[in-house]
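J.: Following this message is one structure expressed as structure tokens.
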Amino acid sequence: MLGSFNALNTSRQLIYSNKVKVITISNQQETKYKYFLNIKKLGPSETAQEGSFYLINKNLERLRYSPTNIDFIYLYLSSFILFFKNKFLNIKINNFSTNPFSTKSSYPFEMVTKGINPYWITGFTDAEGCFSIIVEILATNKWRLRTSFEINLHIKDVDILYQIKEFFGVGNVYLRSQKNIAVYRVSNLQYINEVIIPHFKKYTLITKKSIDFNLWCKVINMISNKQHLSESGFLTILNYYASINRGMSKKVLNYYPDIKPVTRPKVELPLNLNPHWVSGFVAGDGGFSIVFRSSNSIILKQQVSCRFQITQHIKDIELMNLFSKFFNCGTVYVRSNSSHRCDFVVQDINLLLSNIIPHFEIYPIFNLKYQDYICFKKALNIIKQKQHLTLEGLDFIKTLKLEMNSNRLK
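Last residue of the sequence shown? That's 411 in my numbering, and every number before it is there in order.
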């Protein structure tokens, strides 16, 4: 039976002992985190195993960081909740490893103490959010309207959804384990009117999703005033519905073939991007990647490069140009295939180190993509030090690549 922990200092230095008291947690809390870490519940008569994580407090929080000598620890500011290894640990937050071949990474202290900036939430919503209207027919041949604000992510990125839920203070997170999907949803009309809409009115969306939001708000207002209960009101809502997201469903269109979408206004982009918004948007639609190419001109026969990239529909090419202005670097490409996509790309190592990395050190990424960023930054440092020209350095970069993007979701 493990004893209670000795001490916890919530300043920049955290100290805890090799013995912790195990407290039973609820199934809901266990479900909340088991997709993010290999977490175990330690029974009252069990002994902690070397290298394993254990839940030790029922007050789970969203906050996480990763010191240089361990992978991940969840932290609650008044009590520590995870136990790593059978040894005394003296951890300093924000102490990044100087070893270029270390696979361990630290999590910025500011992310533990300050939370998420409202513009980060808006940027992430511009990339991943959805203002939804669902029109469905009931067995009684009557129609029902359902509205919601949603963010759908891979289930391994569920932690950020709990952070967003905590930020707004409303809504719920749902897990669709069979499809590996996690959803944050706010469908309560009062919460939509009092929390969600005021947020996006104050911290405005800037992509074409802002059009969806404004039309969605009109529908919410009509429903709040019971106008959807009349035939004319319902048909007006269908006009808005036909212009939001992907438009009307085929089933609704079969019943109302004469419905005409309202005109979508043109989006006016701001002159400058908010840095918090940028990091939120990149957390959704940005990417950090490592690319290997065969090359006979070098001894190791392989050339490695790093790429920071944001991809959007060709209709958003003006936004891509705005990213180029914001970062003061990069190139915007229009793809030659039929995908109708355009990319903002930065590949020059000096520009990546001078323009891209400093931004994300100040305005961090809060979701699972932070792990991609850390691997990306390590690869850049190895290349900068010319250690990628050694077999050890090249192999380590390959290891980093295997921990990034789609590989981390397996």
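Cβ coordinates follow ideal geometry from the N, Cα and C atoms, glycine included.
So the candidates are N226, H341 and K316; which of them puts its Cα closest to the Cα of L270?
T.: Locating residue 270 in the sequence shown gives position 269, counting from the first residue. The shortest Cα separation from L270 among N226, H341 and K316 belongs to K316.
J.: Provide the residue span of the alpha helix (DSSP H) that contains C307, from first to last.
T.: Looking up residue 307 in the sequence shown gives position 306. Element bounds for C307: not the alpha helix (DSSP H) but the beta strand (DSSP E), Q303 to H314.
J.: Could you tell me the distance, in whole angstroms, from the CA atom of I224 to the CA atom of W144?
T.: Residue numbering aside, residue 224 sits at position 223 when the sequence shown is read from its first letter. Residue numbering aside, residue 144 sits at position 143 when the sequence shown is read from its first letter. The straight-line gap from Cα to Cα measures roughly 13 Å.
J.: State the CB to CB distance for the pair G331 and A128, rounded to an integer number of angstroms; the pair is presumed to be in contact (CB under 8 Å).
T.: Counting from 1 along the sequence shown, the entry for residue 331 is found at position 330. Counting from 1 along the sequence shown, the entry for residue 128 is found at position 127. Their Cβ separation, rounded to whole angstroms, is 18 Å, which puts G331 and A128 out of contact at 8 Å.
J.: Please return the same chain residues whose Cβ sits closer than 7 Å to the Cβ of D213, not counting the five positions on each side in sequence.
T.: Within the sequence shown, numbered from 1, the residue matching residue 213 stands at position 212. Cβ within range, chain order: F132, I245 and N246.
J.: Give me the Cα-Cα distance between S231 and H155, rounded to the nearest whole angstrom.
T.: Residue numbering aside, residue 231 sits at position 230 when the sequence shown is read from its first letter. Residue numbering aside, residue 155 sits at position 154 when the sequence shown is read from its first letter. Spanning the two alpha carbons is a distance of roughly 39 Å.
J.: Reducing DSSP to helix, strand and coil, say where F367 ends up.
T.: Here the question's residue 367 lines up with position 366 in the sequence shown. Three-state DSSP puts F367 in coil, outside helix and strand.
J.: Mind checking which residues open and close the alpha helix (DSSP H) that includes N222?
T.: What you label residue 222 is simply residue 221 of the sequence shown in a count that begins at 1. In the DSSP assignment, N222 falls within the alpha helix (DSSP H) that extends over K210 to S225.
J.: Consider the Cβ of L239: report whether some Cβ of chain C lies at a distance smaller than 8 Å.
T.: Protein chain content of the structure displayed is limited to a single chain, and chain C is not contained in it.
J.: So, is T313 buried or exposed, given that buried needs 16 or more other C-beta atoms within 10 angstroms?
T.: Locating residue 313 in the sequence shown gives position 312, where the first residue counts as 1. It is worth fixing the name first, because residue 313 is Gln in this sequence and not Thr. Buried, by the Cβ-count rule.
J.: If you draw a straight line from the alpha carbon of K370 to that of F150, how long is it in whole angstroms?
T.: Taking the first residue of the sequence shown as 1, we reach residue 370 at position 369. Taking the first residue of the sequence shown as 1, we reach residue 150 at position 149. Cα to Cα, the separation comes out at about 22 Å.
J.: With H200 as the anchor, note down where its alpha helix (DSSP H) starts and where it stops.
T.: Numbered from its first residue, the sequence shown carries residue 200 at position 199. Per DSSP, H200 belongs to the alpha helix (DSSP H) from I198 to K203.
J.: With DSSP run on the structure shown, which of helix, strand or coil describes A183?
T.: Here residue 183 refers to the residue found at position 182 when the sequence shown is read from its first residue. A183: strand per DSSP, three-state reduction.
J.: Measure the alpha-carbon distance for S98 versus K378 and round it to whole angstroms.
T.: On the sequence shown, position 97 is the one that residue 98 refers to. On the sequence shown, position 377 is the one that residue 378 refers to. Low confidence applies to S98: its pLDDT is 32, below 50, so where it sits in the model is not reliable, and the reading given next is rough at best. Those two C-alpha atoms are separated by around 12 Å.
J.: In angstroms, rounded to a whole number, what distance separates the CA positions of G172 and Q388?
T.: For the purposes of this step, residue 172 is identified with residue 171 of the sequence shown, where counting begins at 1. For the purposes of this step, residue 388 is identified with residue 387 of the sequence shown, where counting begins at 1. Approximately 48 Å between the Cα atoms of the pair.
J.: Residues in its own chain within less than 7 Å of Y334 by CB, not counting five upstream and five downstream?
T.: If you number the sequence shown from 1, residue 334 lands on position 333. Counting only Cβ-Cβ distances below 7 Å, and skipping sequence neighbours, we find C343, D344 and V346.
J.: Taking only the alpha-carbon atoms, compute the straight-line gap between D158 and S325 and give it to the nearest angstrom.
T.: Locating residue 158 in the sequence shown gives position 157, counting from the first residue. Locating residue 325 in the sequence shown gives position 324, counting from the first residue. Their Cα atoms are separated by approximately 28 Å.
J.: Starting from H277, follow the beta strand (DSSP E) in both directions and report where the run begins and ends.
T.: Here residue 277 refers to the residue found at position 276 when the sequence shown is read from its first residue. No beta strand (DSSP E) contains H277, which is instead part of the alpha helix (DSSP H) from P276 to D286.
J.: Out of G248, I260, K252 and L272, point me to the one whose CA is closest to T237's CA.
T.: Against the sequence shown, residue 237 aligns to sequence position 236. Among G248, I260, K252 and L272, the Cα nearest to that of T237 belongs to I260.
J.: For R145, write down the residues that DSSP places opposite it in a beta bridge.
T.: By 1-based counting over the sequence shown, the position of residue 145 is 144. Answer is E137.
J.: Excluding the 5 residues flanking I357 on each side, which residues of the same chain have their C-beta closer than 8 Å to its C-beta?
T.: Against the sequence shown, residue 357 aligns to sequence position 356. Closer than 8 Å at Cβ, skipping near neighbours: F309, F328, C330 and V347.
J.: Starting from N322 and walking both ways along the beta strand (DSSP E), at which residues does that stretch end?
T.: To locate residue 322, count along the sequence shown from 1; it is residue 321. Segment I318 to F328 is the alpha helix (DSSP H) holding N322; no beta strand (DSSP E) there.
J.: Give me whichever residues DSSP pairs with D344 in a beta bridge.
T.: Within the sequence shown, the letter at position 343 stands for residue 344. The partner list for D344 (beta bridge, DSSP) reads T312 and Y334.
J.: By the three-class DSSP mapping on this structure, what secondary structure does I358 have?
T.: In the sequence shown, residue 358 corresponds to position 357, counting from 1. It is helical.
J.: One question on the structure: do G281 and G124 come within less than 8 Å of each other, judged by their Cβ atoms?
T.: Counting from one through the sequence shown, the residue named residue 281 turns up at place 280. Counting from one through the sequence shown, the residue named residue 124 turns up at place 123. In this structure, G124 lies closer than 8 Å to G281 by Cβ.
J.: Among residues of its own chain, excluding the 5 on either side of Y120, which ones have a beta-carbon nearer than 6 Å to its beta-carbon?
T.: Along the sequence shown, one-based indexing puts residue 120 at 119. The answer, listed in chain order, is Y204, N275, H277 and W278.
J.: How far does the alpha helix (DSSP H) with N240 in it reach, from first residue to last?
T.: As a first step, residue 240 must be located in the sequence shown, where it is residue number 239. Unbroken alpha helix (DSSP H) run through N240: E232 to Y242.
J.: By the 10 Å Cβ neighbour count, where 16 or more other Cβ atoms means buried, how is P365 classified, buried or exposed?
T.: For the purposes of this step, residue 365 is taken as the residue at position 364 of the sequence shown. Label assigned to P365: buried.
J.: Could you tell me which of N351, I117, E404 and L401 sits nearest to Q386, measuring between CA atoms?
T.: Working through the sequence shown from its first residue, we reach residue 386 at position 385. Among N351, I117, E404 and L401, the Cα nearest to that of Q386 is on N351.
J.: Whose C-beta lies closer than 7 Å to the C-beta of Q228 among residues of the same chain, with five residues either side of it excluded?
T.: Position 227 of the sequence shown, counted from the start, is the residue given in the question as residue 228. Closer than 7 Å at Cβ, skipping near neighbours: G234.
J.: Assuming N173 is part of the beta strand (DSSP E), what are its boundary residues?
T.: Sequence index remark: in the sequence shown, residue 173 carries index 172 (1-based). First-last of the beta strand (DSSP E) with N173: N173 to R177.
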